[in-house]
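Peer 1: Take a look at the following structure, please.
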Amino acid sequence: MKFYQSKLLNNYSKLTHAFTCKESNNLAFHVNDIKKNVIQNHKHLAKELNYDYKTLVHMKQIHSNIVKIIDENDNFDNPPTCDALITNKKKTPLMVMVADCSPLLFFDPKQNVIATAHAGRAGAFENIIQNVILSFIHDFHSDIKDIIVSIGPAICQNCYEINNEIYQEVKERKLDFAVSKKGKKIYLDIRKILLKQLHVMGIKEKNIEISEICNCCHADTFYSYRKNNNTGRFAGIIML
Ligand SMILES: [Zn+2]
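Residue numbers (the numbering used here): 183 to 422.
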């Protein structure tokens, strides 16, 4: 598999999007990879998806719920520190990088607005989804019923065992609905939390797509940090 693509987002010919696989190699600069090789990987990807790699905006991801509206200072060499990006600018690809966390792509085809977000456990707990959707509504005048959300390959519940400390936090945050137990082992389903947050915000069921592919179960195809600590990052990418 070269790219994993969203069926929902594929309905829009004006939109470019993809979730990369290992075939596109590592796209992150902070993971012990050689910088010039990472740049080369970006150049290859840009060529395949038909954009200038210098126009790509990626992020210094910090497991926050911070959303950044793209401005003229944001570019490939100067990634903003945040965990979500939103824009209505054309030819400005947005990228999220992951290896177990959920990569989210958002699109409002009426207002022509795109966003991407990084949601691991922290992003799910701090509800980065809510902040992204509020930015669509307040900053770009989106109607909630128009917003489409696609969540790419990410770690599944069976691969995501949590310790008792995190379990306590899950309970405090009233997220127990996403927990399952097998004997003494406790597992967390991040996708369930994200889906609930989308429902609470009022995103229509028909506009939600969550990949069932687990990058950790399929670590031959995707990078997985749980499987191998010294690993690269794959990416979600979206462009108007
Ligand atoms: Zn799995």
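C-beta atoms are modelled at their ideal positions from N, C-alpha and C, and glycine is treated no differently.
Just to confirm, are residue 253 and residue 292 a CB contact at a threshold of 8 Å?
Peer 2: Here the question's residue 253 lines up with position 71 in the sequence shown. Here the question's residue 292 lines up with position 110 in the sequence shown. Not in contact: residue 253 and residue 292 (Cβ atoms no closer than 8 Å).
Peer 1: So, are the CB atoms of residue 460 and residue 311 less than 8 Å apart?
Peer 2: Past the boundaries of the shown model lies residue 460; the chain is included only from 183 to 422, so the question cannot be answered.
Peer 1: Can you give the Cα-Cα distance for residue 419 and residue 213, rounded to whole angstroms?
Peer 2: Start at 1 with the first residue of the sequence shown, and residue 419 comes out as number 237. Start at 1 with the first residue of the sequence shown, and residue 213 comes out as number 31. So the two alpha carbons sit approximately 19 Å from each other.
Peer 1: For residue 318 and residue 295, which I take to be in contact (beta-carbon distance under 8 Å), what is that distance rounded to the nearest angstrom?
Peer 2: Counted from its first residue, the sequence shown places residue 318 at position 136. Counted from its first residue, the sequence shown places residue 295 at position 113. The pair is a contact, with the Cβ atoms about 6 Å apart (cut-off 8 Å).
Peer 1: Should residue 309 be counted as a contact of ligand 1 given a C-beta to heavy atom distance under 7 Å?
Peer 2: For the purposes of this step, residue 309 is identified with residue 127 of the sequence shown, where counting begins at 1. Residue 309 Cβ: outside cutoff for every heavy atom of ligand 1.
Peer 1: Pick out the complete alpha helix (DSSP H) segments inside the region 286–325, 4 residues or longer, and give them in chain order.
Peer 2: As far as the region 286–325 is concerned, its whole alpha helix (DSSP H) runs of at least 4 residues are 303–307, 310–322.
Peer 1: Starting from residue 220 and walking both ways along the alpha helix (DSSP H), at which residues does that stretch end?
Peer 2: One-based indexing of the sequence shown puts residue 220 at position 38. Run containing residue 220: 217–231, per the alpha helix (DSSP H) assignment.
Peer 1: Straight-line CA distance for residue 363 to residue 401?
Peer 2: One-based indexing of the sequence shown puts residue 363 at position 181. One-based indexing of the sequence shown puts residue 401 at position 219. When rounded, the distance between both Cα atoms is 24 Å.
Peer 1: Below 8 Å, how does it come out for the region 336–347 and the region 266–274: are there three or more Cβ pairs, yes or no?
Peer 2: No, the region 336–347 is not in contact with the region 266–274.
Peer 1: Between residue 264 and ligand 2, is the CB less than 7 Å from at least one heavy atom?
Peer 2: Ligands in the displayed structure: ligand 1; ligand 2 is not one of them.
Peer 1: Whether or not the region 356–374 and the region 382–391 are in contact is what I'm after, with contact meaning three or more pairs of Cβ atoms, one per stretch, closer than 8 Å; do they touch?
Peer 2: Too few Cβ pairs lie closer than 8 Å, so no.
Peer 1: How far does the beta strand (DSSP E) with residue 249 in it extend, from its first residue to its last?
Peer 2: The residue labelled residue 249 in the question sits at position 67 within the sequence shown. Residues 249–251.
Peer 1: Indicate whether residue 298 and residue 316 have their beta-carbon atoms separated by less than 8 Å.
Peer 2: Mapped onto the sequence shown, residue 298 falls at position 116. Mapped onto the sequence shown, residue 316 falls at position 134. No, they are not a contact pair.
Peer 1: Considering only heavy atoms of ligand 1, does any lie closer than 7 Å to the CB of residue 158?
Peer 2: Given that the chain is displayed from residue 183 to residue 422, the structure contains no residue 158 and the question cannot be resolved.
Peer 1: Check whether the Cβ of residue 203 lies closer than 7 Å to any heavy atom of ligand 1, and answer yes or no.
Peer 2: Sequence index remark: in the sequence shown, residue 203 carries index 21 (1-based). No, the beta carbon of residue 203 sits no closer than 7 Å to any heavy atom of ligand 1.
Peer 1: Looking at the unbroken alpha helix (DSSP H) that takes in residue 383, where does it start and where does it end?
Peer 2: Residue 383 sits at position 201 when you count from the first residue of the sequence shown. Start and end: 372–383.
Peer 1: At a cut-off of 7 Å, would you count residue 283 as near ligand 1, judging by its Cβ distance to the nearest heavy atom?
Peer 2: Position 101 of the sequence shown, counted from the first residue, corresponds to residue 283. Flag unset: Cβ of residue 283 not near ligand 1.
Peer 1: Taking buried to mean at least 16 other C-beta atoms within 10 Å of its own C-beta, is residue 365 buried or exposed?
Peer 2: The count along the sequence shown starts at 1 and reaches residue 365 at position 183. Residue 365 is exposed by the Cβ-count criterion.
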